[in-house]
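Beneath this line is the structure, given in structure tokens, with notes to follow.
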Amino acid sequence: GIAVTALGHCHPALVNALKTQGETLWHISNVFTNEPALRLGRKLIEATFAERVVFMNSGTEANETAFKLARHYACVRHSPFKTKIIAFHNAFHGRSLFTVSVGGQPKYSDGFGPKPADIIHVPFNDLHAVKAVMDDHTCAVVVEPIQGEGGVTAATPEFLQGLRELCDQH
Numbered sequence: 020g021i022a023v024t025a026l027g028h029c030h031p032a033l034v035n036a037l038k039t040q041g042e043t044l045w046h047i048s049n050v051f052t053n054e055p056a057l058r059l060g061r062k063l064i065e066a067t068f069a070e071r072v073v074f075m076n077s078g079t080e081a082n083e084t085a086f087k088l089a090r091h092y093a094c095v096r097h098s099p100f101k102t103k104i105i106a107f108h109n110a111f112h113g114r115s116l117f118t119v120s121v122g123g124q125p126k127y128s129d130g131f132g133p134k135p136a137d138i139i140h141v142p143f144n145d146l147h148a149v150k151a152v153m154d155d156h157t158c159a160v161v162v163e164p165i166q167g168e169g170g171v172t173a174a175t176p177e178f179l180q181g182l183r184e185l186c187d188q189h
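The opening position of the sequence shown corresponds to residue 20 in our numbering, with each subsequent residue numbered one higher.
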């Protein structure tokens with residue numbers, strides 16, 4: 020994907036790590052595990068709120084999984100009607116049908132027939148717009164702290180804090 024150089028380009032430590040891992044074990048799918056993946060998973064759990072980790076091959080897969088998990092959790096734990104996902108105009112979450120539909124950019128999502136239902140788009144950094152559409156049917160709010168496709172636009176701290184509070188209420 021476009022973010023593959025987020026950690027830099029050809030940094031000696033990264034090149035070394037790739038060479039070392041390449042001589043031991045390549046990725047063998049997420050059906051099986053390996054010691055480096057287990058170590059990384061433990062570090063992620065220790066450093067975050069998470070109790071579990073699942074590794075995906077791409078951001079698209081990760082986002083698709085997150086959206087499906089949010090809907091599944093809400094349907095099982097709350098109501099089969101708690102399926103609404105609130106997202107923002109000009110966002111980017113991947114290139115599958117579900118993720119382009121959540122992304123809110125018609126240039127990527129139009130022309131494929133019916134889209135997944137219950138995806139609502141509102142203006143970025145507009146907490147009042149979120150409040151107007153958030154209700155008991157909302158299962159997720161997905162936001163990029165910095166919208167790349169949206170013009171490299173950063174969310175304000177107040178907006179992110181307000182989203183957190185709204186999500187806690189619902």
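Ideal Cβ placement from N, Cα and C applies to all residues, glycine included.
- Counting along the chain, residue 64 sits inside the alpha helix (DSSP H) bounded by residues 54–66.
- Here residue 127 has 119 as same chain residues with Cβ atoms under 6 Å from its own Cβ, once five neighbours each way along the sequence are excluded.
- Of all alpha-carbon atoms in 45, 184, 140, the one lying nearest the alpha-carbon of residue 76 is that of 45.
- Three or more Cβ pairs closer than 8 Å define a contact, and the segment 98–114 meets that threshold against the segment 132–150.
- Residue environment for residue 101: buried (at least 16 other C-beta atoms within 10 angstroms of its C-beta).
- Nearest C-alpha to residue 53 among 129, 74, 78: 74.
- Note that the segment 154–169 touches the segment 83–94; at least 3 beta-carbon pairs, one per stretch, sit closer than 8 Å.
- Between residue 172 and residue 165 a beta carbon distance of about 7 Å is seen, short of the 8 Å cut, so the two are scored as contacting.
- Relative to residue 25, the option among 187, 167, 60 whose CA is nearest is 167.
- Distance between residue 137 and residue 64, taken at the CA atoms: about 31 Å.
- In the three-state reduction of the DSSP assignment, residue 126 falls in the helix class, which pools H, G and I.
- When beta bridges are read from the DSSP output, residue 141 appears opposite 107.
- Taken through DSSP and simplified to helix, strand or coil, residue 175 comes out as coil.
- In the DSSP annotation of this structure, the continuous segment of the alpha helix (DSSP H) that includes residue 84 starts and ends at 78–96.
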